[in-house]
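Number of protein chains: 4
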Amino acid sequence: MNNAYEYIVYQADSMLQQLCKTRRDLHKYAERGWCEIRTSSLIAGRLTELGYQVLTGPDVCLGSARMGLPSEEQLEAEYKRAIAQGAVQPFAQQARCGYTGVIGLLDCGDGPTVALRFDIDALGLSEEHGTGHLPCAEGFSSVNNGVMHACGHDGHTAIGLGVAEILINLKKHLHGKVKLIFQPAEEGVRGARSIVEHGHLDDVDYVIGNHMNESQGNYQIGLTSGATLASTKIDIFYKGRAAHAGTAPEKGRNAMLSAATVVLNLQSIPRNGQGGTYINVGTLHAGSGRNVICDSAKLEVEVRGETTALNAYMEDYTRRIAESAGNMHGCSCEIKLMGATESLESSPDMLSYCEKICREKLGLSVAPLSSKAGGSEDFAYMVNRVRSHGGKGLFFNTLAPCSGGFHTKDFDFPESFLCNGVKAFCGLTYDLLTGGRP
Amino acid sequence: MNNAYEYIVYQADSMLQQLCKTRRDLHKYAERGWCEIRTSSLIAGRLTELGYQVLTGPDVCLGSARMGLPSEEQLEAEYKRAIAQGAVQPFAQQARCGYTGVIGLLDCGDGPTVALRFDIDALGLSEEHGTGHLPCAEGFSSVNNGVMHACGHDGHTAIGLGVAEILINLKKHLHGKVKLIFQPAEEGVRGARSIVEHGHLDDVDYVIGNHMNESQGNYQIGLTSGATLASTKIDIFYKGRAAHAGTAPEKGRNAMLSAATVVLNLQSIPRNGQGGTYINVGTLHAGSGRNVICDSAKLEVEVRGETTALNAYMEDYTRRIAESAGNMHGCSCEIKLMGATESLESSPDMLSYCEKICREKLGLSVAPLSSKAGGSEDFAYMVNRVRSHGGKGLFFNTLAPCSGGFHTKDFDFPESFLCNGVKAFCGLTYDLLTGGRP
Amino acid sequence: MNNAYEYIVYQADSMLQQLCKTRRDLHKYAERGWCEIRTSSLIAGRLTELGYQVLTGPDVCLGSARMGLPSEEQLEAEYKRAIAQGAVQPFAQQARCGYTGVIGLLDCGDGPTVALRFDIDALGLSEEHGTGHLPCAEGFSSVNNGVMHACGHDGHTAIGLGVAEILINLKKHLHGKVKLIFQPAEEGVRGARSIVEHGHLDDVDYVIGNHMNESQGNYQIGLTSGATLASTKIDIFYKGRAAHAGTAPEKGRNAMLSAATVVLNLQSIPRNGQGGTYINVGTLHAGSGRNVICDSAKLEVEVRGETTALNAYMEDYTRRIAESAGNMHGCSCEIKLMGATESLESSPDMLSYCEKICREKLGLSVAPLSSKAGGSEDFAYMVNRVRSHGGKGLFFNTLAPCSGGFHTKDFDFPESFLCNGVKAFCGLTYDLLTGGRP
Amino acid sequence: MNNAYEYIVYQADSMLQQLCKTRRDLHKYAERGWCEIRTSSLIAGRLTELGYQVLTGPDVCLGSARMGLPSEEQLEAEYKRAIAQGAVQPFAQQARCGYTGVIGLLDCGDGPTVALRFDIDALGLSEEHGTGHLPCAEGFSSVNNGVMHACGHDGHTAIGLGVAEILINLKKHLHGKVKLIFQPAEEGVRGARSIVEHGHLDDVDYVIGNHMNESQGNYQIGLTSGATLASTKIDIFYKGRAAHAGTAPEKGRNAMLSAATVVLNLQSIPRNGQGGTYINVGTLHAGSGRNVICDSAKLEVEVRGETTALNAYMEDYTRRIAESAGNMHGCSCEIKLMGATESLESSPDMLSYCEKICREKLGLSVAPLSSKAGGSEDFAYMVNRVRSHGGKGLFFNTLAPCSGGFHTKDFDFPESFLCNGVKAFCGLTYDLLTGGRP
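Residue numbers (our numbering), protein chains in the order written: chain A, 432 to 869; chain B, 432 to 869; chain C, 432 to 869; chain D, 432 to 869.
This is the structure in structure tokens:
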């Protein structure tokens, strides 16, 4: 039966041109979280074409559990642009209004359910225009101003579609179910929760996710025992009352004072002896004119913790400070949840299992296990839900010598490494659905 | 009838030695607010001796309306010291437990009621020991360490007892009633309210108070049309929870953060376009050790306003900030009222009336009317209560070339000027109770 | 000679249609401070036509003393718009680059020099579009989006051109010199200083300015003995360093912390016992993204004081706090002066003189002298410069029942009242240049 | 040669009564850091008696490198008390003025130099008086009010004297040198640096220190691979200028504002992605009276870091904030270093070496290696100095079921466990000086 792995390796390597083509198309028409209408329609179209049972629209994401949704006006504008840029119907219509997730189901009879997660959104960044930047030199840099795939999700999506093709070709050998989850709005950790809350992970036995990462040595696959940071993103709005600053300041309710107080006090939340915590007030916009008592302020805030509990400590404390700082100066305080994720750790035996399959079956080199995670990833919700009912979760890295840096305007990655991601997903799924166990 | 004024002037000048003796005795055994047990007992004894109907103890001050009372332990210690220093019984016993006000009543039949206010308390200050300081050179500086008459209330009390002697000698000429109010705890504006709340000003037609003040030219009496500042004194207490700062700061509730936040925000209360406002956080004591999360903090705060309404704006805002700064860090917040007074303005016609009597009947020179008041004086409660039911109030200054400065350890005043205070009080009262009107 | 006053009154009333036409044209093409290119060119054209010697461009404003200048790009864009909207050459060209002041000189031989000041700029406000708003109903509301004459300077300018016409017709009766100063950028108190620093007030014996004001009763002219507030407008810029907030916050320099600290501490500047002071941090914009350590912040701040000295206390303290708050977090701090004015008081004898001329010679009703000024006005620089060398200054109000409120989008005033301004300026100038003296 | 270890074990067990007696005597006459005059004199007397070459006074601690020294008055008062409580001359005299360290030297010819560190100071705490507290029941609780051995240093000192006795008895078997360092002022991490700066660790090959710790299971010895926290203790003093808060606040320089600003900003120092950092403003005392602008403030602050570099980040940032917060309000800022230590990690091979000797040679049970250190210990300076020139350092715990908690008023430990400390120190030293190596 070992020739199935050889098949996987061969197929993955053979589809490099196709992976590139997909990736470059997505890169050129980059779309931000909840606005991946064209992206989503192409995915749904391809999965349908391949023969998957496809879920779209409100069947994928629970509407009320989506976080950090753009305004309706923005969503509509994005819809129009997507149509203009070749979004496919009826899928574009289904993705409208912030329902851009897609799930492809493959039922291969009795056996475990394996879910694979691929994130599909771009970032709010204007791409580099210099010819030193490959997407620019090759003519596939983003045509959507201020939006750019600077975190590799275009590659992740291409991997997902490649995986979809190989797995369906292996269908007759498989025993169990495959769920291919194409998740919107991973940036800002806004999307995963809505898929989990819809229940799509409740029957899953194994869930596997991936993110490309900077290479270490010449290794192709990276595994981490440490946890990513749990995180919560909130916007704080203060509403006060304007007044003439030179003649009647006492008639105002000074939202500027609430804003300054909240910044200093948020940043002052005591360190936690249980582990690392972080906080940032990233932006603050307040006031309408020099001689007017400031009547409104908006702050974008994020907290993080090495564990979900540490993050909760930060979030609870943040909310209390925010409310109090408003009360203090007679300003109303509104707090909007813009994103959230838990802390993510792979199941320990999944790590060694992945290492074994990659090395022994797929010929992929695996870097020594690292304990350093850092950053946040809302795939955590999926892993934690699966683990909560006894299943197992795995998060692995596809390593590549990237250029620029993640989340910068000149980020890029060598496309040949996409094949490795395809191999790992397919190899693990094949093994699990043919009786292999971690 | 003009010879009555001549009598007053002659008697006041003749009693200089006696005024000095009284003043120096009070100066030597200085007592702070609510602790004027020896002082109070000597006043009550003298008024009784002169033939006044005398009120003491809870008959003078409404217990619950006293502000900024020392602890029971302190009051008891002060009682013992007073006894040791010659306090007179049964009056000392009556003054025990913070009931140190005395009122002397003189009923001269039909006619208006005139109340005269004399404040009797000293300050918490250690007196200068150098021989350049007259009380020291003459051997009557305070024997009570940390307590000193540095605001002239010893002189005010001596004036009051001089006035008592002259008025009772004029009794057969008077028509109406005299109330001599010896008020405790003027410093920190803590005492007047309790006398007003007891009702002693409710039947008063004219209330007159006095404070010595720095001379202006060679004038003897000063009058002011402007208002003294309304003020509120509060103590803020935060109670948090201690924890080890190096290993478990998150287990604490950091009262230091509440304290720092309240300081900056109190000081940030917006200016008021309606008039002048002031705030001060005078003292802050917080924490128990360098490596322990601070679990308690105490702040002494005062606010002021050019009007009672402006002061209320400051006090209300202060209370809101204090509560919010506690909530913000999970600390309880207790606010204790330690003193309060309203804004004080003399009735306009009392000013011109006083000027006329002093100049024409008593031979006292009166400085030009000033509009600059400044400072706070809880005699305001008495004036405002009397004015609220249609009576009139007057606050005047006895001017003298004082040395040192008010509220400093080398403050002193020339005693000969005390006679002018006696003359003004007696002359005004005589005129009012013999048909004179402003 | 009294028929000269009758002539003035008659002429002023007769030119109402012309005043309205001028005012409405200026209103429709409203221009902000330093951008009054069309406005300035029309003024210079008209003065030239009338026969005045006209100064424009750098001959009016000292370049380096102009405050709060827009960027070169903005100035160029404004120039292009002005040309498109009918600005007159060569004056538009002369006003380019923020040199929009105009002075008209009339030399009538020996005698005192009288300067009259008219401010010409609009505000950054979008005008009301409802038909309840007269300029809209009558079709002369601002066609320049976000710019509006909401403070009546369109009327002031119309008055100035009316005055110019009458005075030159009276030339043969006058003895002395007339300077008509059309000042740019009064809003934000940015323009007057550059005219004063150029020296235009150094030879002036009498300087007179005017602002329309809300009516009091049915009076037509208002006079105030009190002072307007001195004020300084500054922008504070902090430059820090960005870093990833979740993985390396220590690599940043957190401008958000400098900004929050400066807000609370500026607002905490202690009250001043010498008189009223004000401060406002009107706007604050900081940061680039939620998960990035904030690397820049901009604050718009103003301070005010009842006297120039009190304002200097506030400004000095503000600068010290701003610098320290930057240093504290390793951020550079740049402070830009955006506007400034001193405190303004009319010469006392000019007030009574104005009252007399208006009442007795011009038939204008004058409201009782008020002591309440409030607000700030950079005409102060002119008055103070003239008074500093022994001349006299006057600031008077033309009263009218305005609608909306000053500086609001539905502000308007009844145009018939413009005639009163013309009368007062002309009557006072005529009297001064025919031997009259305050 | 194994009977030397048997000798050590036997002797250590046999001296239990003596260890108890020494410990109880020290406990009863507890002395705080730099005031251990009686303690020091008894140690020096005993070492002399045993035959050690003894260093005392300025020969042990470099005067200028001592941190957090009490005032001269306190030191003198402590000297008098020590004499009254039986301090031994001439050693008490030598320990006067804060020179309370003692070193005992034993030269056994060629071979490595082994230094053993014992800390000797008590804490500023009032001991529990209830009979449930053994020192109280047995009559050896502290007679020095407010001073208590609540961290076991009385036991450490007793161990040191026991070790001294055994090692000198083994002298003829040893090859090398022994340094017994009795260190003052470990609490507040104030003393070790002065011994290191004197050069006493410069010729040391192995340095070993110990602290008792709460038992884990029934293990007797604990070892930790993790690092203790580096820490710096500073006092911040602000000096401003007083003024009357109600009439002339602008004349003051408000140290309260500097103090509040420094608290919020210190606590706001950004987290560090390199590892854990801590900060605490433990105490703050500011101001002299409610109605006086605060003219002075004192803050007790500590920072900590998981590494010496992280601690330096915190200390540098703290100093910058402190200076800036003073400048901001015109207050001078003085920063006093009150204590400091680096991060401490044992040499890895010393950990396994210690484990081996304890288990195999001394019959002591050793708990599994822990990676959790926490807390701070200025023995770090000694270890780091020795390691810096190629030597090795070890810090181990003597485990015991302590009652109360460390640094609480009812802390106590079972004395029988002292023998284990003696065994470990002697066994390791014996092995090292007879050719054993880690």
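Ideal Cβ positions, reconstructed from N, Cα and C, are used throughout, including at glycine.
Check residue i in the structure and name its three-state DSSP category.
i: histidine 604 of chain A; result: helix
i: valine 620 of chain A; result: coil
i: glutamate 596 of chain A; result: helix
i: cysteine 789 of chain C; result: helix
i: valine 853 of chain C; result: helix
i: cysteine 762 of chain B; result: coil
i: methionine 432 of chain B; result: Only weak support is given to the placement of methionine 432 of chain B: the predicted model assigns it a pLDDT of 42, under 50, and the value that follows is read from those uncertain coordinates. The answer is coil: DSSP assigns methionine 432 of chain B none of H, G, I, E or B.
i: isoleucine 652 of chain A; result: strand
i: alanine 728 of chain B; result: strand
i: glutamate 645 of chain D; result: strand
i: asparagine 703 of chain D; result: coil
i: alanine 632 of chain A; result: What sits at residue 632 of chain A in the sequence shown is leucine, not alanine. If DSSP states are grouped into helix, strand and coil, leucine 632 of chain A belongs with coil.
i: serine 778 of chain B; result: coil
i: threonine 738 of chain B; result: coil
Report the neighbours of residue i on chain C: residues whose CB is nearer than 8 angstroms to its CB, in chain order.
i: valine 694 of chain A; result: Met687, Leu688, Ala690 and Ala691
At 8 angstroms on the CB atoms, spell out the chain A contacts of residue i, in chain order.
i: alanine 756 of chain B; result: Ser755 and Met759
Run through chain B and tell me which residues come within less than 8 angstroms of residue i, C-beta to C-beta.
i: leucine 778 of chain D; result: Sequence check: residue 778 of chain D is serine here, not leucine. Within 8 angstroms Cβ-Cβ: nothing; serine 778 of chain D doesn't reach chain B, min ~24 angstroms.
i: arginine 702 of chain C; result: Arg702, Gly707, Thr708, Tyr709 and Ile710
Counting only Cβ pairs nearer than 7 angstroms, list the residues of chain A close to residue i.
i: serine 699 of chain B; result: Leu688
Rounded to the nearest angstrom, how far is the Cβ of residue i from that of residue j, given a contact under 8 angstroms?
i: phenylalanine 827 of chain A; j: asparagine 641 of chain A; result: 5 angstroms
i: valine 888 of chain C; j: alanine 691 of chain A; result: Beyond the ends of chain C as shown, which are 432 and 869, falls residue 888 of chain C; an answer cannot be given.
i: glycine 835 of chain A; j: arginine 621 of chain A; result: About 24 angstroms separates the two Cβ atoms, so there is no contact after all.
List the residues of chain D whose Cβ lies closer than 9 angstroms to the Cβ of residue i, in chain order.
i: valine 732 of chain B; result: Arg721
Quick check on residue i - is its C-beta less than 9 angstroms from some C-beta in chain G?
i: methionine 446 of chain C; result: Of the protein chains in this structure, namely A, B, C and D, none is chain G.
> Of all the residues that make up the segment 735-753 of chain B, which are near chain A by a beta-carbon distance shorter than 7 angstroms?
Replying inline: The segment 735-753 of chain B vs chain A, Cβ under 7 angstroms: Tyr744, Arg751 and Ile752.
>> Please list, in chain order, the residues of the segment 669-682 of chain C that have any C-beta partner in chain D closer than 7 angstroms.
In response: Listed by position along the chain: Thr678, Ala679, Pro680 and Glu681.
>> Beta carbons nearer than 9 angstroms to chain A: which residues of the segment 706-725 of chain C have them?
In response: Listed in sequence order: Tyr709, Ile710, Asn711, Val712, Gly713, Thr714, Leu715, His716, Ala717, Gly718, Ser719, Gly720, Arg721, Asn722, Val723, Ile724 and Cys725.
> According to a CB-to-CB cut-off of less than 8 angstroms, which residues of the segment 795-815 of chain B neighbour chain D?
Replying inline: So the list reads Gly805, Gly806 and Ser807, given in the order they occur along the chain.
>> Please identify, using Cβ separations under 8 angstroms, the residues of the segment 649-667 of chain D that lie next to chain B, in order along the chain.
In response: The segment 649-667 of chain D vs chain B, Cβ under 8 angstroms: Leu660, Ser662 and Lys664.
>> Restricting to runs no shorter than 4 residues, where is the alpha helix (DSSP H) found entirely within the segment 509-540 of chain A?
In response: Within the segment 509-540 of chain A, the complete alpha helix (DSSP H) runs of at least 4 residues are 522-526.
>> Just to confirm the assignment: which complete alpha helix (DSSP H) runs, minimum length 4, are found wholly within the segment 554-595 of chain A?
In response: Complete alpha helix (DSSP H) runs here, min 4: 565-568.
>> Which complete beta strand (DSSP E) runs does the segment 445-497 of chain C hold, if anything under 3 residues is left out?
In response: Entirely contained in the segment 445-497 of chain C, the beta strand (DSSP E) runs reaching 3 residues are, in chain order, 484-486.
> Can you list the alpha helix (DSSP H) stretches of 4 or more residues lying completely in the segment 808-845 of chain D, in chain order?
Replying inline: Fully enclosed alpha helix (DSSP H) runs of 4 or longer: 810-819.
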